[in-house]
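**Q** Let me begin by handing over the structure; questions about it come next.
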Amino acid sequence: MKLQGTMIINDLGHLEIGGCDTVELAKDYGTPLYVIDEELFRQNCRDYYQAFTETYGAEVIYASKTLSNLAICAIVNQEGLGLDVVSGGELFTAAKAKFPMDRVYFHGNNKSVEELKMALDYKVGRIMVDNLYELGLLNAIAAEAGQKAKIMLRLSPGVEAHTHEYIKTGQIDSKFGLTLENGMALSAVKRCLELDNIELKGFHCHIGSQIFELQSYAHAAEVMMSFVRSVHQEAGYLAQELNLGGGLGIYYFRDDQPRPVKEYADIMMVALKEKAREFGLPVPKVIVEPGRSISGPSGTTLYTIGAIKDIPGIRKYVSVDGGMGDNPRPALYQSRYEACLANRITEEDAETVSIAGKCCESGDMLIWDVELPEVQAGDILAVSSTGAYNYSMSMNYNRLPRPAMVLAANNKAELIIRREDYADLIRNDVLPERLDSSVVNLAK
Ligand SMILES: *Cc1c(COP(=O)(O)O)cnc(C)c1O
1 MKLQGTMIIN DLGHLEIGGC DTVELAKDYG TPLYVIDEEL FRQNCRDYYQ
51 AFTETYGAEV IYASKTLSNL AICAIVNQEG LGLDVVSGGE LFTAAKAKFP
101 MDRVYFHGNN KSVEELKMAL DYKVGRIMVD NLYELGLLNA IAAEAGQKAK
151 IMLRLSPGVE AHTHEYIKTG QIDSKFGLTL ENGMALSAVK RCLELDNIEL
201 KGFHCHIGSQ IFELQSYAHA AEVMMSFVRS VHQEAGYLAQ ELNLGGGLGI
251 YYFRDDQPRP VKEYADIMMV ALKEKAREFG LPVPKVIVEP GRSISGPSGT
301 TLYTIGAIKD IPGIRKYVSV DGGMGDNPRP ALYQSRYEAC LANRITEEDA
351 ETVSIAGKCC ESGDMLIWDV ELPEVQAGDI LAVSSTGAYN YSMSMNYNRL
401 PRPAMVLAAN NKAELIIRRE DYADLIRNDV LPERLDSSVV NLAK
């Protein structure tokens with residue numbers, strides 16, 4: 001397992017994060033346990049702030065769908081970043097963390113009436129309008145509230161980035177945004193200009209996730225700038241802001257070669273400025289929305305190893321006390337992860353095993369084929385790069401309580417999400433009186 005952030009191996013041969021011995025953390029807080037490396041999370045925020053805000057005056061907003069809770073919102077605020085939320089729940093979390101609402105951007109392809117009202121009520125910075133239905137709805141709700149909603153239009157620019165390549169066209173078939181190619185986007189702009197309670201600030205696109213090919217960002221910037229020009233020519237509207245999304249790739253597994261944030265910023269901003277100059281237009285204010293590349297590398301999950309099943313000549317299954325409930329990504333899209341034995345990290349690898357979760361699904365496998373020292377029940381397994389899309393995608397399948405999360409920094413760990421208990425699992429269950437076993441005589 002590659003050591004990231006503040007990870008070190010201490011004198012006991014244990015993995016340490018933020019100066020905390022992970023074997024001790026497992027003892028103190030139980031497993032599974034999410035450990036967030038606060039210094040690394042903050043450093044990732046600062047890399048973005050430097051590369052985009054200090055260098056180009058761009059705004060960086062953290063995609064809270066990757067990991068959102070009160071402590072994380074507070075840290076993001078301290079680091080001077082904004083917040084991208086995609087639901088009333090994420091917006092509520094931001095509000096409860098006292099996040100400045102003018103730096104909140106509200107996304108989503110099917111925001112409800114309640115969510116739109118909430119966004120206006122909270123006075124979020126921008127509402128990212130995804131479609132014409134939402135545009136009409138928001139205009140009506142804003143009129144009722146006596147407000148002018150500040151919006152950006154989400155566009156589908158026909159640039160689809162993949163991990164190592166990108167496709168220039170053919171992303172018309174997407175549930176997100178207004179299509180550029182067929183004139184849908186242009187007519188939406190014209191519609192915005194007719195509506196009394198809508199103030200159009202600019203355009204948004206997001207071309208994908210876990211991207212290593214930085215040229216795709218340059219291309220997206222150029223396509224968006226070309227759209228700014230054609231709207232200027234055809235509708236007399238000059239966009240002030242361009243939100244170019246997130247998606248920078250991170251290290252999960254030995255094939256991954258993440259690119260520095262600074263390179264990403266330079267490639268994208270240079271392309272944008274060049275286009276603006278070519279068109280004789282001012283450079284719009286740029287916004288970027290990184291999620292995974294801030295939260296992902298800062299998270300590590302600790303598990304306790306239990307049952308081990310060796311099928312000679314076939315495979316050795318090593319089961320842990322979590323799995324798809326706390327990390328659905330391998331089951332959802334075959335994501336690959338690295339792991340180590342946190343309590344015996346200096347020992348030589350001795351065998352290839354597969355890490356199984358404890359859910360009643362054959363697909364609940366965290367890692368197929370990982371090299372480890374000879375494993376024993378009771379060992380602590382650490383899986384790295386689990387900060388993004390893990391807790392936020394976690395679930396209670398098999399009625400497994402969600403794990404706790406701690407923030408590790410300066411030799412200290414602090415609880416930021418408490419572990420669910422069994423009472424939490426039945427909190428929303430309702431038992432109709434006629435079914436209450438203490439009332440009904442089942443033997444009858
Ligand atoms: C998911 C998402 C992001 C963040 O993507 P990452 O790959 O986590 O950086 C940003 N913007 C939008 C609109 C998204 O849907």
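Under UniProt numbering, the first residue of the sequence shown carries the number 1, and numbering increases by one thereafter.
For glycine and all other residues, C-beta sits at the position ideal for the given N, C-alpha and C.
It should be emphasised that the depicted structure is a prediction, and the values quoted were computed from it without experimental measurement.
1. First and last residue of the beta strand (DSSP E) that includes M405?
2. Suppose you measure from the CA of G357 to the CA of G158; what does that come to, to the nearest Å?
3. Tell me whether A95, by its Cβ, gets closer than 7 Å to a heavy atom of ligand 1.
4. Give me, in chain order, the residues of the same chain whose beta-carbon lies closer than 6 Å to that of A307; leave out the 5 immediate sequence neighbours on both sides.
5. Please report the straight-line C-alpha distance between D379 and A95, rounded to a whole angstrom.
6. Can you tell me which residues form a DSSP beta bridge with S354?
7. Residues in its own chain within less than 8 Å of D28 by CB, not counting five upstream and five downstream?
8. Nearer than 7 Å: is that true of the beta carbon of A388 relative to any heavy atom of ligand 1?
9. In this structure, does DSSP put S156 in helix, strand or coil?
10. Give a yes or no on whether the C-beta atoms belonging to C359 and Y317 are separated by under 8 Å.
11. Check whether the Cβ of M65 sits closer than 7 Å to any heavy atom of ligand 1, and report yes or no.
12. Can you name, in chain order, every residue of its own chain whose Cβ lies under 8 Å from the Cβ of R348, other than the five neighbours on each side?
13. Ignore the nearest five residues each way along the sequence and tell me which others in E90's own chain have a CB closer than 6 Å to its CB.
14. Among the residues of its own chain, which have a CB less than 6 Å from the CB of T169, if the five just before and after it don't count?
15. Could you check how far apart the C-beta atoms of D364 and M324 are, in whole angstroms? I think they sit under 8 Å.
16. Spell out a yes or no on whether the region 286 to 298 and the region 384 to 403 are touching, meaning 3 or more CB-CB pairs, one atom from each, closer than 8 Å.
17. Within 10 angstroms of its Cβ, does V406 collect 16 or more other Cβ (buried), or is it exposed?
18. In three-state DSSP terms, what is M7?
19. Quick check on DSSP: helix, strand or coil for H232?
20. Once DSSP output is grouped into helix, strand and coil, what is the label at N243?
21. Determine the burial state of F106: buried for a count of at least 16 other Cβ atoms within 10 Å of its Cβ, exposed for fewer.
22. I'd like to know whether the C-beta atoms of Q240 and P284 end up nearer to each other than 8 Å.
23. According to DSSP, what are the bridge partners of V370?
24. From which residue to which residue does the beta strand (DSSP E) around L83 run?
25. Any heavy atom of ligand 1 within a distance shorter than 7 Å of the CB on H232?
26. Assuming C192 contacts L200 under a Cβ cut-off of 8 Å, what Cβ separation, rounded to an integer in Å, is found between them?
**A** For this structure:
1. Residue numbering aside, residue 405 sits at position 405 when the sequence shown is read from its first letter. In the DSSP assignment, M405 falls within the beta strand (DSSP E) that extends over A404 to A409.
2. Here residue 357 is taken as the residue at index 357 of the sequence shown, counted from 1. Here residue 158 is taken as the residue at index 158 of the sequence shown, counted from 1. C-alpha separation (whole angstroms): 38 Å.
3. Residue mapping note: residue 95 aligns to position 95 of the sequence shown, counting from 1. A95 Cβ: outside cutoff for every heavy atom of ligand 1.
4. Within the sequence shown, residue 307 is the residue found at index 307, counting from 1. Answer for A307: S319, listed in chain order.
5. Locating residue 379 in the sequence shown gives position 379, counting from the first residue. Locating residue 95 in the sequence shown gives position 95, counting from the first residue. Roughly 40 Å separates the two Cα atoms.
6. For the purposes of this step, residue 354 is identified with residue 354 of the sequence shown, where counting begins at 1. Beta-bridge pairing links S354 to Y317.
7. In the sequence shown, the residue the question calls residue 28 occupies position 28. A413, listed in sequence order.
8. Here residue 388 is taken as the residue at index 388 of the sequence shown, counted from 1. A388 Cβ: within cutoff of ligand 1.
9. As a first step, residue 156 must be located in the sequence shown, where it is residue number 156. Assigned with DSSP and collapsed to three states, S156 falls in strand.
10. Within the sequence shown, the letter at position 359 stands for residue 359. Within the sequence shown, the letter at position 317 stands for residue 317. Cβ distance not < 8 Å, so C359 and Y317 don't count as in contact.
11. Here residue 65 refers to the residue found at position 65 of the sequence shown. The sequence shown places Lys at residue 65, rather than the Met named in the question. Flag set: Cβ of K65 near ligand 1.
12. If you number the sequence shown from 1, residue 348 lands on position 348. A quick correction: the sequence has Glu, not Arg, at residue 348. So the qualifying residues of the chain are P373.
13. For this step, residue 90 is matched to residue 90 along the sequence shown. Answer for E90: S64 and S68, listed in chain order.
14. Start at 1 with the first residue of the sequence shown, and residue 169 comes out as number 169. Unreliable placement is indicated for T169, whose pLDDT of 45 sits below 50; no coordinate value is reported for it.
15. Sequence index remark: in the sequence shown, residue 364 carries index 364 (1-based). Sequence index remark: in the sequence shown, residue 324 carries index 324 (1-based). The beta-carbon distance between D364 and M324, rounded to whole angstroms, is 4 Å. This is short enough to meet the 8 Å contact definition.
16. Judged by Cβ distances under 8 Å, the region 286 to 298 makes contact with the region 384 to 403, as three or more pairs qualify.
17. Mapped onto the sequence shown, residue 406 falls at position 406. V406 comes out buried.
18. The residue labelled residue 7 in the question sits at position 7 within the sequence shown. In the structure shown, the three-state DSSP call for M7 is coil.
19. As a first step, residue 232 must be located in the sequence shown, where it is residue number 232. Note: H232 maps to helix in three-state DSSP.
20. Within the sequence shown, the letter at position 243 stands for residue 243. Secondary structure of N243 (DSSP, three-state): strand.
21. On the sequence shown, residue 106 is found 106 positions in, with the first residue counted as 1. Looking at its Cβ environment, which holds 16 or more other Cβ atoms inside 10 Å, F106 is buried.
22. If you number the sequence shown from 1, residue 240 lands on position 240. If you number the sequence shown from 1, residue 284 lands on position 284. Result yes, Cβ atoms of Q240 and P284 sit closer than 8 Å.
23. Looking up residue 370 in the sequence shown gives position 370. Beta-bridge partners assigned by DSSP to V370: V353.
24. Against the sequence shown, residue 83 aligns to sequence position 83. Note, L83: beta strand (DSSP E), G82 to V85.
25. The sequence position of residue 232 within the sequence shown is 232, counting from 1. No - ligand 1 has no heavy atom lying nearer than 7 Å to the Cβ of H232.
26. In the sequence shown, counting from the first residue as 1, residue 192 sits at position 192. In the sequence shown, counting from the first residue as 1, residue 200 sits at position 200. 4 Å between Cβ atoms; contact.
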